[in-house]
DNA sequence: TTGCAATCGATAGTATTACTATCGTTATTA
DNA sequence: TAATAACGATAGTAATACTATCGATTGCAA
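Protein chains in written order, with my numbering: chain A, 3 to 229; chain B, 3 to 229.
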């Protein structure tokens, strides 16, 4: 048996949280507390209390909570890129491949346990990403953060998907815009279904899961745009 | 000559900012300061200083800065709904109508001075909406805020556009999802062009304005999805 | 014109946030 | 055995996000 691990560069932290028990606890419990409180209410002090450590110790690993969110987001996008590669590399037909990618992006299908992450509850992390990941870049310091390479996880994932789009229809003029739009929509539509249901047909009252409904909608949109 | 005015209900404030000079100043200067500092750095104290008033006075009008953002957002969506009605009511062909609506939503075309707002710099307000409006609902209190009717401005606008979509293609299964997706994309794509250019073909290096390029992309997407 | 209410500035005060810094103990490693 | 790293404990600071009170001005109504 094996486990995978996502390794992030040193720009993402002050001290690598994967290098110690405390660090791993900060990440795994941080996801849970962040999910419960939301980014605005979340503080390092509250996280520290929940793991019976101290504020100062958490600050040894991350400069501030925004950087912590960037770390978690990149961790998630890197994992997703790996899952997509693992699950779709064998599809030769680009159309089928893209359809599956979209289903994975939406979490419309299960993935094998081998792709689980040690210590990290991936569905909680996904929940955090849905609600908070936009805040990584909806920020006054986007340009500075971007210049340090902290968005490469997301950009790399989008690029790879855009390449598949371009394979299907090389003349389509907006592969990257289309991909970034559906990436955002993949969590927005589920969020809307849960909180502002009048904004979407994705709905709790239907037989399929919200994630599957979102994937159906996005696949419909993408396939009609192409070729 | 005439000016229009957007009137919001009393759930949006503690004291109606349109009822006094100070209130109007809070709104008009608030937009500017918010645009400059970004939501996280923005405080009522800084706003108060910039209009030579006091923190306590600002708090007399708005409970907190999040409510202030909700006020501004609703103000903007209400204005936009009015502009759309004014500028597109004469189109009988639903397709042409939708195309124009999308151009207006993206700010891809000018509007007559008659639709200007007194005391409010609409392009600055638009800039604030682009960067910050998602934070109105990406929030732990979405459900509470929604239950007080504070998102009706946005929901109403989306509904009206979705109706036009349904007119064009009554069998299309996702009119509301499509509209909410492109509403979000209309500011995201411009934001990406400015800060994360690898995520979109909308680009500063092209002859058309970013807003026009975004409108072209969204019109392409919508028209291929329908019928 | 007296008086009342509303408005606002001025000031003060509190709890929490977002950190930074230092110190001492314990565990690890060389 | 000695050095070092990791961490908990504690303290402290500036800013934030408020709430509360007081007094001066202004307009309007009896």
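Idealized CB from N, CA, C, for every residue including glycine.
Please check if any C-beta of chain A sits within less than 8 Å of the C-beta of residue i.
i, result
"residue 278/B", "A query on residue 278/B cannot be resolved here, the shown segment of chain B reaching from 3 to 229 and no further."
"residue 145/B", "yes"
"residue 66/B", "no"
"residue 175/B", "yes"
"residue 84/B", "no"
"residue 212/B", "no"
"residue 133/B", "yes"
"residue 105/B", "no"
"residue 171/B", "no"
"residue 128/B", "no"
"residue 148/B", "yes"
"residue 202/B", "yes"
"residue 219/B", "yes"
Does DSSP put residue i in a helix, a strand or coil?
i, result
"residue 174/A", "coil"
"residue 42/A", "coil"
"residue 156/A", "helix"
"residue 128/A", "helix"
"residue 142/A", "coil"
"residue 211/A", "coil"
"residue 202/A", "coil"
"residue 16/A", "coil"
"residue 147/A", "helix"
"residue 229/A", "coil"
"residue 7/B", "coil"
"residue 186/A", "helix"
"residue 218/A", "helix"
"residue 121/B", "coil"
"residue 135/A", "helix"
"residue 161/A", "helix"
"residue 21/A", "helix"
Taking only beta-carbon atoms, is residue i less than 8 Å away from chain B?
i, result
"residue 197/A", "yes"
"residue 191/A", "yes"
"residue 108/A", "no"
"residue 137/A", "yes"
"residue 239/A", "Residue 239/A cannot be examined here, being either before or after the span of chain A that is shown, 3 to 229."
"residue 223/A", "yes"
"residue 159/A", "no"
"residue 40/A", "yes"
"residue 226/A", "yes"
"residue 140/A", "yes"
"residue 182/A", "yes"
"residue 179/A", "yes"
"residue 186/A", "yes"
Restricting to Cα atoms, I'd like to know which of the options is closest to residue i.
i, options, result
"residue 198/A", "78/B, 226/B, 214/B and 157/B", "157/B"
"residue 184/B", "204/B, 160/B, 34/B and 122/B", "160/B"
"residue 187/A", "133/A, 48/A and 99/A", "133/A"
"residue 56/A", "24/A, 218/A and 145/A", "24/A"
"residue 9/A", "155/A, 226/A and 200/A", "155/A"
"residue 163/A", "12/A, 229/A and 87/A", "87/A"
"residue 229/B", "169/B, 61/B, 104/B and 11/B", "169/B"
"residue 119/A", "79/A, 16/A and 92/A", "79/A"
"residue 125/A", "137/A, 136/A, 112/A and 116/A", "112/A"
"residue 110/A", "226/A, 5/A and 212/A", "212/A"
"residue 106/A", "59/A, 128/A and 205/A", "128/A"
"residue 135/A", "65/A, 150/A and 40/A", "40/A"
"residue 75/A", "49/A, 32/A, 38/A and 62/A", "32/A"
"residue 59/A", "19/A, 43/A and 92/A", "19/A"
"residue 203/A", "178/B, 108/B and 144/B", "178/B"
"residue 123/A", "103/A, 92/A, 22/A and 81/A", "81/A"
Compare the beta carbon distance of residue i and residue j with 8 Å and say whether it is the shorter of the two.
i, j, result
"residue 222/B", "residue 77/A", "no"
"residue 274/B", "residue 100/B", "Any property of residue 274/B remains undetermined from this structure, which presents chain B solely from 3 to 229."
"residue 90/A", "residue 67/A", "no"
"residue 167/A", "residue 174/A", "yes"
"residue 196/A", "residue 216/A", "no"
"residue 84/A", "residue 6/A", "yes"
"residue 52/A", "residue 29/A", "no"
"residue 64/B", "residue 15/B", "yes"
"residue 220/B", "residue 104/B", "yes"
"residue 226/A", "residue 227/B", "yes"
"residue 27/B", "residue 71/B", "no"
Taking the runs of the beta strand (DSSP E) that are 3 residues or longer, which of them lie wholly in the stretch 44-112 of chain A?
none
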